[in-house]
Amino acid sequence: MPRETVIFACVQNAGRSQMAAAFFNTLADPSAARAISAGTEPAACVHPAVVEAMREVGIDLAGVRPRPLTDDLVVRADLLITMGCGDACPVAPGVPRDDWPLPDPHGEPLERVREIRDQVRARVAQLVTAAGWSVRPD
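Using our numbering, the first residue of the sequence shown is number 499, and each one after it goes up by one.
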């Protein structure tokens, strides 16, 4: 079975898409699927409140850097999930796309970022389960 590649994309690649990819790669069987995140206009760093909120659930994004959504990434993708960025959301011709209308954590207080983090985790868990990519017990 070939390994699927999911791209989580938004504009800055500094919040929702980073959380989604991190949760995906934690929840999915790495032999079945993997996730990457990217943005159309990447920020300089992942939002500090996002780093803190993810650290609280055991995922360290401190060393992660936003990256651009390139044609090279897109051609290797099996699914593109955008993060509710409206007209600014990327489009990848030929790649199935789903849009998750999630609030942007940029500039939000930590309490709100935690709520967004939990929404992202729930959507990712649902995707991983529905697609049959869940980590298999040893």
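Even glycine gets a Cβ: it sits at the ideal position worked out from N, Cα and C.
- Residue pairing by DSSP places G582 opposite no residue, since no beta bridge is assigned to it.
- Taking the Cα positions, G537 is about 25 angstroms away from T627.
- Looking at the backbone, the Cα of V544 and that of L559 are separated by about 8 angstroms.
- In this structure, DSSP gives I534 an extended state, which the three-state scheme calls strand.
- Under DSSP, no beta-bridge partner is assigned to T568.
- Bounds of the alpha helix (DSSP H) holding I614 are 608-629.
- The C-beta of R615 has 16 or more other C-beta atoms within 10 Å across all chains shown, which makes the residue buried.
- For R514, there is no enclosing beta strand (DSSP E); the residue is found in the alpha helix (DSSP H) stretching over 514-525.
- Distances from the alpha-carbon of F506 to those of L600, A547, V549, G556 put L600 closest.
- Residue range 546-553 is occupied by the alpha helix (DSSP H) that includes E550.
- One alpha carbon belongs to V562, the other to V593, and they sit about 25 angstroms apart.
- Burial state of Q624 is exposed, judged by a 10 Å Cβ sphere holding fewer than 16 other Cβ atoms.
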